[in-house]
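Novice: Handing you a structure now.
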Amino acid sequence: MTSDANPAGRSGAVRTMHLKENLAGLALVAAPLGLLLVLILLPTVSMVWNTFQVPVEGGTVTGIARYQAFFADSYSVANLRYTLIWTLISCVTALAISLGISLYLRFSEGRIATMIHALSLFPLFVPAIIISYALVRFLGPNGLLQLLLEQVGITGYRTPYLTPIGPFIGFVWENIPLPVLVITAGLSQVSDHAIEAARDLGAGAWRILFEILLPQVHRSLLIAFALIFLGVIGAYTVPYLLGPPAPEMMGVFMQRTLGNLQRPDEAQVQAVILMVLSSIVGGFYIATMLRGEVGRK
Amino acid sequence: MAEIRIDKVSKSYGKEKALMQGIDLTIMDGEFVVILGPSGCGKSTLLRMIAGLEAVTGGTISIAGQVVNDLEPRERGCAMVFQNYALYPHMTVAENIGYALRVARVAKAERMARVAMVAGSVGLTEFLDRKPGQLSGGQRQRVAMARAIVREPKVFLFDEPLSNLDATLRVQMRHEIRKIHNRIGATSVFVTHDQQEGMTLADRLVVMNKGTIEQVGSPEEIYERPASTYVAGFIGSPAMNFLPGEIQGGAVILENGIRLPVPGLSGLDGTMVQVGLRPERLSLTGPGRGQISARVDFVEELGSARLAHVLVEDIAISVLTGDKLAIAPGDEVGIAIAPCVVQLFDGTTGKRIETAAHAAQQVETVS
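Quick note, the sequences are listed as chains L and S, same order. For the first sequence, this note's numbering begins at 1 and goes up steadily by one. For the second sequence, this note's numbering begins at 1001 and goes up steadily by one.
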């Protein structure tokens, strides 16, 4: 008897085949998924749960007292505000510079364009600690920049080192390569014909930028923004080496609370708050990616 | 008046050899001109220079009497339709069509009215709120057309706009483009590598090769009296047969010694030639009849006709025949060649050689 004559048997065979395929797929992701669950998800859930456990006499109760304490402490709030503000400023600046470089790379050819592309990717291969020390030597007191300025008669240089501008410069420098890659890839999807058609239709350069190019690469911009934001908001090395002692970026604040002050419970609250902020942008990033996938399908 | 005058135009990139040189062409107001040629011949570059998307290296381009070399594309009064439509995926069909009007700061009410009118004329009314991604290839092409039409340009420029469509849709769109041209009457320049598109659309054809114009003429003129072996081989499907030979005593002696009588060859003795024979102008006869004897190599069935590939000794010739002759590979056949269908080209330069018979034929056609 052929399978055509037995539809029930055939569909059973198809189901078995699909099940086998699904199991094989799950087996492939089992190891990384397991690691994700055990080493990331479980400690995270446990940490979040701990932050809601408030010690009382004879045990603990569930409550938000730790968070109330964080938001009642003006120094903690100042740190959070400082972190958010400079993260956003760094994001916008790095994004604007990356967009400029990407636009140049999209519309330029030749040796100079190749050189600029390579230069824009250079920070990707330099560790944050090296970048930070390089900036200290360059921008710091008696650094190369000050010496050069004095050589041309400019005195009164005020170093950005140990001011909010210090880590800002570090963040921007550090966060150009990935956005350039993402935005350049997005811009390459916009055909030359689309731009020529806009010129033919009477649009000038700014109109082409704002009405043709940016709307078509908005997904790349959002992804680039999320990447910069997630990299900067939890940064430790750059703000620790270049930033002011107070206020502190949350990464530095957390480390000090945990290491120097030995207050792991407070550090956990700080971490959860940071995680919530990152999750909002992370969720935004994932939603953008998924929308792109759905659009492609 | 939107006459386009191209005067000694050349184009080169950097220090590279000139891509095109000394292009002269005048396109009359309201004329539909098709620039035809293979990939890389410079036809799209020429169109883009007319549009202002490429700078002219030398010479001048005038539109409606005004030299436009230094004008921006938007100042030239041209509307271009691109090969890949170049629609904006983030805009609706209505926004795409009306974009040029928005750029020109046309009032919204007027803009919408004009968009609606043009969309109606190309059958897009029900799709105005859709994004280009939700449209078929033919509908996208219509949006691109509508976007050009709504500007009411002096000149339409089409850069292989039908290349991305399937065969059926291509024929349909071809008709629509021609109908739109007839209705609007604007000067149109259409670039394509598809000779059928060129032949069916054009008032005049411009055949280009390696950055030069090989021939300009009506489709019929180019088909019947190609100026060179290049044009003769490019126009016509199946392609023209070429047989090398030499004129001797009022006939062409083919390389394999076969004598092909052609009237009106006096004074051309000793000239090396290429004999051009269009497959559809030849006919197969029984063995021993006709001007040439041949052996059937293979036969292609085309439905409405058959394309017989025959060997005249070692020279391959194709013959398009509507007759359902019972022929099979290896059969001996004769090929009947009417003297008037023989076209002669110079064996060295490839340029057309006019014979007395052609001239007489032309006079007959004109009268």
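Built from N, CA and C at the ideal position, the CB exists for glycine as well.
Rounded to whole angstroms, what's the CA-CA distance from residue 194 of chain L to residue 1086 of chain S? Just pull it up for me.
Specialist: When rounded, the distance between both Cα atoms is 4 Å.
Novice: Mind checking which residues open and close the alpha helix (DSSP H) that includes residue 218 of chain L?
Specialist: 218-233 is the span of the alpha helix (DSSP H), which, as asked, contains residue 218 of chain L.
Novice: Taking all protein chains shown into account, decide if residue 142 of chain L is buried (16 or more other Cβ within 10 angstroms of its Cβ) or exposed.
Specialist: The residue in question, residue 142 of chain L, is exposed, as its Cβ has fewer than 16 Cβ neighbours within 10 Å.
Novice: How would you list, in chain order, the residues of chain L whose beta-carbon sits under 7 Å from the beta-carbon of residue 1130 of chain S?
Specialist: Near residue 1130 of chain S there are no residues of chain L at all, since even the closest Cβ is about 15 Å away, more than 7 Å.
Novice: Quick check on the burial criterion: 16 or more other C-beta atoms within 10 angstroms. Buried or exposed for residue 184 of chain L?
Specialist: When all chains shown are included, residue 184 of chain L counts as buried.
Novice: Less than 8 Å between C-beta atoms, sequence neighbours within five positions excluded: which residues of the same chain meet that for residue 1259 of chain S?
Specialist: Cβ neighbours of residue 1259 of chain S beyond the five flanking positions: 1251, 1252, 1253.
Novice: Compute the Euclidean distance between the alpha carbons of residue 242 of chain L and residue 166 of chain L, then round it to the nearest angstrom.
Specialist: Each residue's alpha carbon lies about 5 Å from the other.
Novice: In angstroms with no decimal places, state the Cα-to-Cα distance between residue 1099 of chain S and residue 1167 of chain S.
Specialist: One C-alpha to the other measures close to 30 Å.
Novice: Which residues does DSSP pair with residue 1204 of chain S in a beta bridge?
Specialist: Per DSSP, S/1033.
Novice: Could you tell me whether the Cβ of residue 241 of chain L comes closer than 7 Å to any Cβ of chain S?
Specialist: Chain S, which has no Cβ nearer than 7 Å to the Cβ of residue 241 of chain L, makes this no.
Novice: Tell me whether the beta-carbon of residue 1242 of chain S lies closer than 7 Å to the beta-carbon of residue 1274 of chain S.
Specialist: Taking 7 Å as the Cβ cut-off, residue 1242 of chain S and residue 1274 of chain S qualify as a contacting pair.
Novice: Assign residue 16 of chain L to one of three DSSP states: helix, strand, or coil.
Specialist: Three-state result, residue 16 of chain L: helix.
Novice: Nearest chain L C-beta to residue 1073 of chain S closer than 7 Å, yes or no?
Specialist: Cβ-Cβ to chain L under 7 Å: yes for residue 1073 of chain S.
Novice: Count the other C-beta atoms from every protein chain shown that fall within 10 angstroms of the C-beta of residue 41 of chain L, then say buried if there are 16 or more, exposed otherwise.
Specialist: The residue in question, residue 41 of chain L, is exposed, as its Cβ has fewer than 16 Cβ neighbours within 10 Å.
Novice: Of all the beta strand (DSSP E) runs that stay within the bounds of the segment 40-91 of chain L, which reach a length of 3 or more residues?
Specialist: Fully enclosed beta strand (DSSP E) runs of 3 or longer: 53-56, 59-62.
Novice: Output, in chain order, the set of chain L residues within a Cβ distance shorter than 8 Å of residue 1103 of chain S.
Specialist: Result: 201, 202, 203, 207.
Novice: Of all Cβ atoms in chain L, is any one closer than 7 Å to the Cβ of residue 1013 of chain S?
Specialist: Closer than 7 Å: no.
Novice: Does residue 216 of chain L come within less than 7 Å of chain S when only Cβ atoms are used?
Specialist: Chain S, which has a Cβ nearer than 7 Å to the Cβ of residue 216 of chain L, makes this yes.
Novice: Leaving out five residues before and five after residue 237 of chain L in sequence, what residues of the same chain have Cβ atoms less than 7 Å from its Cβ?
Specialist: Correct list, in chain order: 128, 129, 132.
Novice: Given a cut-off of 7 Å, decide if residue 1042 of chain S and residue 1208 of chain S are closer than it, judged by their beta-carbon atoms.
Specialist: Result yes, Cβ atoms of residue 1208 of chain S and residue 1042 of chain S sit closer than 7 Å.
Novice: Is the CB-CB distance between residue 1153 of chain S and residue 1140 of chain S below 7 Å?
Specialist: Not a contact, by the Cβ cut-off of 7 Å.
Novice: Check whether chain L comes within 7 Å of residue 1043 of chain S, counting only Cβ atoms and requiring the distance to be less than that.
Specialist: Chain L contact via Cβ: absent.
Novice: Is the beta carbon of residue 195 of chain L within less than 6 Å of some heavy atom of the ligand HEM?
Specialist: In terms of ligand content, the structure shown is empty, and the ligand HEM therefore cannot be addressed.
Novice: What's the call for residue 1156 of chain S, buried or exposed, on a 16-neighbour Cβ count within 10 Å?
Specialist: Classification of residue 1156 of chain S: buried, given that the 10 Å Cβ count is 16 or more.
Novice: Grouping DSSP H, G and I as helix and E and B as strand, with all else coil, what is residue 1384 of chain S?
Specialist: Because chain S spans 1001 through 1367 in this model, residue 1384 of chain S falls outside it and cannot be assessed.
Novice: Thinking C-beta only, is residue 1115 of chain S closer than 7 Å to residue 203 of chain L?
Specialist: Not a contact, by the Cβ cut-off of 7 Å.
Novice: Have a look at S/1264, S/1188, S/1298 and flag the residue whose alpha-carbon is nearest the alpha-carbon of residue 1077 of chain S.
Specialist: Of the candidates S/1264, S/1188, S/1298, the one whose C-alpha sits nearest the C-alpha of residue 1077 of chain S is S/1188.
Novice: Evaluate residue 1082 of chain S with the Cβ neighbour count: other Cβ atoms within 10 Å of its Cβ, from every protein chain shown; 16 or more gives buried, anything less gives exposed.
Specialist: Burial call: buried.
Novice: Select from L/177, L/212, L/283, L/229 the residue whose C-alpha is nearest the C-alpha of residue 191 of chain L.
Specialist: Out of L/177, L/212, L/283, L/229, L/212 has the C-alpha closest to the C-alpha of residue 191 of chain L.
Novice: Quick one: complete beta strand (DSSP E) runs, 3+ long, within the segment 1247-1299 of chain S?
Specialist: Entirely contained in the segment 1247-1299 of chain S, the beta strand (DSSP E) runs reaching 3 residues are, in chain order, 1251-1254, 1259-1261, 1272-1277, 1283-1285.
Novice: Can you say whether residue 1117 of chain S is buried or exposed, counting buried as having 16 or more other CB atoms within 10 angstroms of its CB?
Specialist: So residue 1117 of chain S counts as exposed.
Novice: Taking beta-carbon pairs under 7 Å, can you tell me which members of the segment 263-281 of chain L lie near chain S?
Specialist: Result list empty, no residue passes.
Novice: Is any beta-carbon of chain S found at less than 7 Å from that of residue 196 of chain L?
Specialist: Chain S, which has a Cβ nearer than 7 Å to the Cβ of residue 196 of chain L, makes this yes.
Novice: When you compare each of S/1146, S/1068, S/1192 to residue 1161 of chain S by their alpha carbons, which one comes out closest?
Specialist: Nearest of S/1146, S/1068, S/1192 to residue 1161 of chain S, Cα basis: S/1192.
Novice: Tell me which residues share the same chain as residue 1039 of chain S and place their Cβ nearer than 7 Å to its Cβ, disregarding the 5 neighbours each side in the sequence.
Specialist: Counting only Cβ-Cβ distances below 7 Å, and skipping sequence neighbours, we find 1193.
Novice: Which residues in the same chain have their Cβ closer than 6 Å to the Cβ of residue 3 of chain L, if we skip the five residues on either side of it in sequence?
Specialist: For residue 3 of chain L, the pLDDT reaches just 46, beneath the cut-off of 50, and the residue's location in the model is therefore unreliable, leaving the point undetermined.
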